[in-house]
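So for the sequence shown, the numbering used here puts the first residue at 1473; every next one is plus one.
The beta carbon of each residue, even a glycine, is placed where N, CA and C say it ideally should be.
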Amino acid sequence: MKLGQRIRELRLAAGLTQAELARRTGIHRPNIARVEAGRHTPSLETIARLANAIGVPTTRVLEG
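In structure tokens, the structure reads:
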């Protein structure tokens, strides 16, 4: 599974919308959409921010 797909699945499993994830991370919602769609590869720092906001370890996002 690709990184964006994992982030999307984890976000949905946590019951979060893209808008809520954006609010929690300070990342603009369109950027989250681009990451989830695989059109943008986030930095490790951004991955950590997303994981923290979703409530999972960064390794879970990276390992799939």
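query, result
"Candidates P1514, A1525, H1512, of which the one nearest G1487 by Cα", "A1525"
"Classification of P1529 by the beta-carbon crowding that lies within 10 angstroms, buried from 16 upward", "exposed"
"Alpha-carbon to alpha-carbon, E1481 and H1512", "17 Å"
"Cβ-based burial, A1523 [other Cβ within 10 Å; buried from 16]", "buried"
"DSSP three-state assignment for T1518, whether helix, strand or coil", "helix"
"Three-state secondary structure assigned by DSSP to I1526", "helix"
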